[in-house]
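Peer 1: Numbering (our numbering), first residue to last: 58 to 183.
All residues carry an ideal CB built from backbone N, CA and C; glycine is no exception.
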């Protein structure tokens, strides 16, 4: 399972780099989606590394970070990213297109949240 944890963490880092490039390209909703994915995959990599089993099939980043005894800043970052799995993917009657929901400032905030989680996971897996 150790190799699998490393693969998940590598993918989290790739998703984070993708999010950073999407901000440069001004595709903010997609940057936020990849930031959320980076955080989720980083948490799941740590779950695998610590427990020797696949992480639960959930997108609840707060529950994952809490179960992994994340620091308060990690749990806050998870809370920032948690709703974005849905909001960045679907057009709903209540909300305009995801492309209209985000700007550079919000994308940067979500990137920082993802960095917090990814950096924490990297430090924990060493």
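By the three-class DSSP mapping on this structure, what secondary structure does residue 58 have?
Peer 2: Working through the chain shown from its first residue, we reach residue 58 at position 1. Caution is warranted here: a pLDDT of 48 is assigned to residue 58, below 50, making its placement in the model unreliable, and the coordinate value is therefore given only provisionally. Residue 58 falls in the coil class under three-state DSSP.
Peer 1: In three-state terms, what does DSSP make of residue 115?
Peer 2: Residue numbering aside, residue 115 sits at position 58 when the chain shown is read from its first letter. Coil, per DSSP.
Peer 1: So what does DSSP say about residue 160, is it helix, strand or coil?
Peer 2: The count along the chain shown starts at 1 and reaches residue 160 at position 103. If DSSP states are grouped into helix, strand and coil, residue 160 belongs with coil.
Peer 1: Going by C-alpha distance, which of 156, 95, 78 is nearest residue 64?
Peer 2: Your numbering for residue 64 matches position 7 in the chain shown. Nearest option by C-alpha distance: 95.
Peer 1: Could you pull out every residue in the same chain whose Cβ sits closer than 7 Å to the Cβ of residue 159, ignoring the five residues on either side in sequence?
Peer 2: Position 102 of the chain shown, counted from the start, is the residue given in the question as residue 159. The answer, listed in chain order, is 85, 86, 89.
Peer 1: Would you grab the beta carbon distance between residue 134 and residue 173 for me? Rounded to a whole angstrom, and I think it's under 8 Å.
Peer 2: Taking the chain shown and counting its residues from 1, the one referred to as residue 134 is at position 77. Taking the chain shown and counting its residues from 1, the one referred to as residue 173 is at position 116. So it is a contact: roughly 4 Å between Cβ atoms.
Peer 1: Specify the secondary structure class of residue 131 as computed by DSSP and reduced to three states.
Peer 2: Indexing the chain shown from 1 puts residue 131 at position 74. Of the three classes helix, strand and coil, the one that applies to residue 131 here is helix, per DSSP.
Peer 1: Below 8 Å on the Cβ atoms is my contact criterion, and I expect residue 92 with residue 170 to pass it. Report the Cβ-Cβ distance as a whole number of Å.
Peer 2: If you number the chain shown from 1, residue 92 lands on position 35. If you number the chain shown from 1, residue 170 lands on position 113. About 7 Å separates the two Cβ atoms, so the contact holds.
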